[in-house]
Structure formats: C-alpha cells, structure tokens
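Reading through the structure tokens given below for one structure.
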Amino acid sequence: MATLRTRSAARLMMTPAVLTLFVWMIVPLAMTLYFSLLRYNLLMPGMEEWAGTLNYRYFLTDPAFGAALVNTLLLVGGVLLITIVGGTLLALLLDQPFFGQGIVRLLVIAPFFVMPTVSALVWKNMLMHPVYGIFAWIARLFGLQPVDWLANLPLFSVTMIVAWQWLPFATLILLTALQSLDEEQKEAAEMDGAGPISRFIYIVLPHLARAMTVVVLIETIFLLSVFAEILVTTNGGPGYESTNITYLVYAQALLQFDVGGASAGGIVAVILANIVAIFLIRLIGKNLEA
Amino acid sequence: MARAITTRRKVTFTIIGWLVGFVIFFPILWTILTSFKTEGEAIASPPHFLFFDWTLQSYFDVQSRSNYFKHVMNSVVISFGSTLIGLAIAIPAAWAMAFSPTKRTKDVLMWMLSTKMLPPVGVLVPIYLLFRDWGLLDTRLGLVIVLTMINLPIIVWMLYTYFKEIPGEILEASRMDGASLAKEIIYVLTPMAVPGIASTLLLNIILAWNEAFWTLNLSAANAAPLTAFIASYSSPEGLFWAKLSAASTLAIAPILILGWFSQRQLVRGLTFGAVK
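Sequence order for the protein chains is A and B. Sequential numbering from 1 applies to the first sequence in full-length UniProt numbering. Sequential numbering from 1 applies to the second sequence in full-length UniProt numbering.
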C-alpha cells in the first residue's frame, strides 16, 4: 500500500518536468514541420499557401546550403581535431607534478567560462586585427606581412576561436579520465621495459578512448550550433565562406523573413543533429546500466 | 641521483606548463590589461604590455554611455531566474526517478537528454513568432522561460546522478521509523542532497550566463543580457577597444571565478554523468 502511494507520488513529482519539456519539444517542432510545408514570408502576411516539398527542394538545391554543409563539417571537424589532440597533450602535461600546477590548470580551463560574444570580439579585434592586433605585431616582429585573418581566412579564424573555447572542456574531461588510470598498471609496464611512447599507445590511449568518444559526441552536438562567434565576427561572409547551417537558417528566418524556407532548413538541421545524437544516447544509456 | 633527475624533470615541466598556461590565458589577460588603458593606448603599436598610464576611465565610460548596469541586472535576473525555476521543477522529478525508479525511468531520462540535442534552429522560427504574438520578445520573462527549458534536461540529469549516490537504505530506515514523505524529504534527503543541488545551481548559472543563441535572437535594447549587449560592439564603428575590454572584463569576471570553483561539477554535468 505504501509503495503504491509512493509510486503515485513519484509520478506526480515527475509530471511538471516531463510535461513542460514535452510541450517545449513537441509544439515548436510540429510548428516548424508545418511551416516548412508552407509558402510563408513575414513580408507578405496573409499570403500563406500550401507548398508541399517546395521549400525543401529549394533549400537543399540552394548553393548556399552546399557551402554551409561543407563549412559546418569543416568547422566541427577542425575544432574536434584541435581539441582532442591539444586536449590530450594538455591533460598529459597537467598530469605531471610541477610547481604551480593548480594555478596553471585554472589558466588553461579559463576560456571555457568566457561568453562566446566576448571571446569572438576579443579575438577579432585585439588579436586578429590586421593592423593593431597582436598577431599582426608578432608577424611584423619576424618581418612578415600581417594576415587579415577574418577577411582572408574566415572559416579558419572562426575555427581557431571556437577551438580556443572548447579546448578546456576536452582537457578537463581527458584529465579526469587520465587520473582514474591505475598507477600500478603503468608501473608494471615500465618494469617490463615499455618506453614512454609504447606506454602511451598501449595503456594510456585505450584508457582514454571512452572519454575521447564522450568529448567528440558532446562537442559535436554543441558545435553543430555555433552561432554567436560567426554573428559577431564575419556575419557568415565574405559570401558564404563562413556560413554554417545554423547561421544559414538564422539568416533565412530573421534577415529574409522566409518562414517556410527557414523551417525546412531547421528540419534539415534537426535530422543532421539526430544522426550524432543516436550514438551519444546509446553510449550514455549503456553507462546508466553499468 | 634519482632525486636529481626528478627535480630537473619537475623544473622542465614547470617551465613548459607555465608557458602553455600563459599562451592559452593570454587573450583573457590582454582583455583585462586593455580595460585599464586609454583608447589611444589600447591600439598602440608595438603594444604596451604593462608600462602605460593605468586608468579606470573605460569602466566609467561604459556605465555612463550605455547604462551597463541594466544589462548586468538582465543577466543576473535571467540566469538566476531560469536556474531557480529549473531547480524547482527538476528536484521533484529527479528525486522520484532516483528513489522510486520504474521500468520506464531510464527511457524518460534518455528522452529528456534527447531534447537537449535538438538544435535551436530547429525551433527558432515558431518560438520567435509565438514570442512576437505573445509580447515576449525582448522581455526578461521570455528569456527566463527559454533558458529554463533549454537547461532543464541538464539540471534533471545532474540532480539524478547526485541523488543516485544517496544510499536508499537510509530512506527505508526513516520510512520504517514512521517518517512521512514530507518529513523524509525535509529531514533526511535535503541535508544529503544540498551539495549536489549547489553544484547543479552553479553550473547552470554559468551556462545560462553565457548562453548566446536565444539571448541574441530574442532580445534587443530592453532585456539584452551581457552576451547580447557586448555583441553590439561588433559594429565597425564600435572600435573602442578599451571600452570593449572593460565591458568584457566585468562580464566574464564573476563567472570565471564561479567556474574555477566548479571544475569538477562541470565534467560531470556536461557529460551527463558519463565521466566522473
């Protein structure tokens, strides 16, 4: 009897969270799906009409979509590469005992707490500015021609900024995983004559594999939606050179007021994110049982 | 002999470690230094690192020209408001899932996680239109609602992983002693749950403070939190680096300090308990 009461109490306690999240997810998503099938522009109110799959055909065959898809993949891939390799090296470094280790760790993780608009503007102006920026000063110091980063290498520059923000995340997670590695195992390998490189390849790396998978999956979810960094630095330009899918949908919706087209783009973005999400959910679900 | 080698090794790693730390932290350090310069000094080339006339002028300018304090308050209200409402909704749910799990609990948790993976652009258009029709665009209330919803899955998950670690036997014992559900929650569970709730609170304030998709799209002059306010410095004519730096330093300092305290919880919260 008591358990029955607890059980119904439990259900009651879960209701607000489940209900609000359900409404939050299903209502806007259903609306997006519905809008994506309409010809609907905010500049022409009252002219909505059924469009079938026209928006999708239009969005998917637009050269901007191809460019944005490639840019999204390059951005996500580039940041992942930098943060996984850099994060592993940093984690190995921070795992060594040295003077002021705790302070250095704080310095290394700091970029993660800087709001995206601040880090983007600081990099854009004070570091990457072709005349007054620090990079330009360093280039001149070596007698080189300063580079106009955001004009000539827009996607690369955005990748650098975003990688700087996410490097601490990878470092922190890989460091946490590294510290859970059994010391005896390493010592045993050392006694058997394994050098530092083979110890890293055969013991440390396999131990980090799971944490690396988690980093890749979680970062991918967030990186598919990079927005503020692009908005305040390049506005997606020049042309579509630094436009990703998220920015393209934003531009379609709030700059061109094309509700139908933007909704179709939104649905495409949802499908892309879901492909990654399926893997992540499985991984975490497995962890929940263990 | 062995000792000498370890000392040399330690010194080597100290030098490498501090150099790497300095390089990674440099953009933040540079922002802080620039905030104490005059506008002319800020764009000096070659740059002046420490030897310049330190001044607080930019901090005063930022406040007097743009009512900076209003945006600070917006950030505070939005991040604290959304976190507290989120906790109020999530604590009962996480409690129920941790202590009275059913066959479907895991599915519910997984489904909540999946809503977090929905890209924001997937729902940008309808949310924008609904907010426009309901008069929620550029209001604090609107942003509180959105940020509560987008962070709710993380709050539920974090609380769940913390509550899971509280031994169920203690609850059973108190139940045997005749404690009611309410008493059980107030006297037994709450004291043990406070550290977990505090960590969740901290991480969520950080996430909400730095959120920069919805705040940029749904706010303008009135409700703009610091993320959106600082974005207004991106206009080409806004090349005032000392002021940008002063506004940025104030915006990131509190959260940087909170973040340093919560590095452990960050790993746990952002990996949904997959890495502890």
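C-beta atoms are modelled at their ideal positions from N, C-alpha and C, and glycine is treated no differently.
First through last residue of the alpha helix (DSSP H) which encompasses residue i
i	result
N71/A	63 to 95
V158/A	154 to 179
W209/B	190 to 210
Y128/B	121 to 133
P116/A	116 to 122
L127/A	Neither: L127/A is in no alpha helix (DSSP H) and is coded neither H nor E.
D148/A	That residue, D148/A, is in no alpha helix (DSSP H); it is neither H nor E in DSSP.
N217/B	214 to 218
L109/B	105 to 116
I201/A	Here I201/A belongs to no alpha helix (DSSP H), and DSSP marks it neither H nor E.
residue 291/A	Here chain A has residues from 1 to 290 only, and residue 291/A is not among them.
L107/A	101 to 109
V232/A	228 to 233
L141/A	134 to 141
T227/B	226 to 231
Helix, strand or coil at residue i according to DSSP, with G and I counted as helix
i	result
M1/B	Caution is warranted here: a pLDDT of 42 is assigned to M1/B, below 50, making its placement in the model unreliable, and no coordinate value can be reported.
Q263/B	helix
N41/A	strand
E237/B	Because the pLDDT at E237/B is just 49, under 50, the model does not fix this residue reliably, and the value given afterwards should be weighed accordingly. In the structure shown, E237/B sits in coil (DSSP, three-state: anything other than H, G, I, E or B).
E172/B	helix
D192/A	coil
E165/B	coil
E219/A	helix
D138/B	coil
E187/A	helix
E49/A	strand
D182/A	coil
I275/A	helix
Y34/A	helix
T20/A	helix
L19/B	helix
E241/A	coil
P101/B	coil
L224/A	coil
G236/A	coil
N151/B	helix
A2/A	In this prediction, A2/A has a pLDDT of 48, which is less than 50 and means its spatial position is unreliable; nothing more can be read from the coordinates.
M80/B	According to the sequence provided, residue 80/B is Phe. The question's Met does not apply to it. Three-state result, F80/B: helix.
F272/B	coil
G265/A	helix
F13/B	helix
A9/A	helix
G260/A	helix
N222/B	coil
Any non-hydrogen atom of the ligand PLP closer than 7 angstroms to residue i Cβ
i	result
S82/B	With respect to small molecules bound, the structure shown includes none, and the ligand PLP cannot be examined in it.
Q) Along the chain, which unbroken stretches of the beta strand (DSSP E) at least 3 residues long are found entirely within the segment 21 to 72 of chain B? A) none
Q. Just by C-beta distance, which residues in the segment 50 to 82 of chain A are closer than 9 angstroms to chain B?
A. none
Q. Of all the residues that make up the segment 182 to 209 of chain B, which are near chain A by a beta-carbon distance shorter than 8 angstroms?
A. I206, W209
Q. Using a Cβ cut-off of 8 angstroms, which residues of the segment 228 to 253 of chain A contact any Cβ in chain B, in chain order?
A. A228, L231, V232, T233, I245, T246, V249, Y250, A253
Q | Positions along the segment 144 to 164 of chain A whose CB lies within less than 9 angstroms of some CB in chain B | A | W164
(Q) Give me the subset of the segment 88 to 101 of chain A whose CB atoms are less than 8 angstroms from a CB atom of chain B, sorted by chain position. (A) L90, L93, L94, Q96, P97, F98, F99, G100, Q101
Q | Contact residues within the segment 37 to 48 of chain A, judged by C-beta distance below 7 angstroms to chain B | A | none
Q: Compile a chain-ordered list of the residues in the segment 1 to 31 of chain A whose CB is closer than 7 angstroms to at least one CB of chain B.
A: T6, R7, A9, A10, M13, M14, P16, A17, V18, T20, L21, W24, M25, P28, L29, M31
Q: Can you give me, in chain order, the residues of the segment 33 to 48 of chain B that have a beta carbon less than 7 angstroms from any beta carbon in chain A?
A: T34, I43, S45, P46, P47
Q) Going along the segment 122 to 145 of chain A in order, which residues come within less than 7 angstroms of chain B, judged by CB to CB distance? A) V122, W123, N125, M126, L127, Y132, I134, W137
Q. Is the segment 146 to 165 of chain A touching the segment 70 to 87 of chain A, taking contact as three or more C-beta pairs under 8 angstroms?
A. yes
Q.
Closer than 8 angstroms is the cut-off here; do at least three beta carbon pairs connect the segment 5 to 25 of chain A with the segment 227 to 234 of chain A?
A. no
Q | At least three beta-carbon pairs within less than 8 angstroms, the segment 255 to 263 of chain A to the segment 40 to 53 of chain A | A | yes
Q. Quick one, which residues of the segment 236 to 262 of chain B are near chain A if we go by CB-CB under 8 angstroms, in chain order?
A. L239, W241, L244, S245, S248, A251, I252, I255, L256, L258, G259, W260
Q) Okay, do the segment 184 to 202 of chain A and the segment 247 to 256 of chain A touch, 3+ Cβ pairs below 8 angstroms being the bar? A) no
Q. Given a limit of 7 angstroms on CB to CB distance, which residues of the segment 204 to 225 of chain A reach chain B?
A. A211, V214, I218, I221, L224, S225
Q: Evaluate contact between the segment 202 to 221 of chain A and the segment 115 to 128 of chain A, counting only Cβ atoms and requiring at least three cross-stretch pairs below 8 angstroms.
A: no
Q. Mind listing which residues of the segment 128 to 147 of chain B have their C-beta closer than 8 angstroms to chain A's C-betas, in chain order?
A. Y128, L129, L130
(Q) Measuring CB atoms only, is the segment 148 to 158 of chain B touching the segment 203 to 210 of chain B, in the sense that at least three cross pairs come out at less than 8 angstroms? (A) yes
Q: Could you say if the segment 213 to 228 of chain A and the segment 274 to 288 of chain A meet the contact criterion of at least three C-beta pairs nearer than 8 angstroms?
A: yes
(Q) Between the segment 169 to 177 of chain A and the segment 104 to 115 of chain A, can you find at least three pairs of beta-carbon atoms closer than 8 angstroms? (A) yes
Q.
By the 8 angstroms beta-carbon criterion, what residues does the segment 58 to 91 of chain B contribute toward chain A?
A. I89, A90
Q: Determine contact between the segment 224 to 242 of chain B and the segment 31 to 46 of chain B, defined as no fewer than three beta-carbon pairs at a distance below 8 angstroms.
A: yes
Q.
With three or more beta-carbon pairs closer than 8 angstroms as the criterion, would you say the segment 137 to 149 of chain B touches the segment 172 to 188 of chain B?
A. no
Q. Below 8 angstroms, can you find three or more Cβ-Cβ pairs linking the segment 83 to 96 of chain B to the segment 132 to 139 of chain B?
A. no
Q) When Cβ atoms are compared, which residues of the segment 105 to 121 of chain A fall closer than 9 angstroms to chain B? A) R105, L106, L107, V108, I109, A110, P111, F112, F113, V114, M115, P116, T117, V118, S119, A120, L121
Q) At a Cβ cut of 8 angstroms, what residues of the segment 151 to 167 of chain B count as close to chain A, listed as they run along the chain? A) L152, P153, V156
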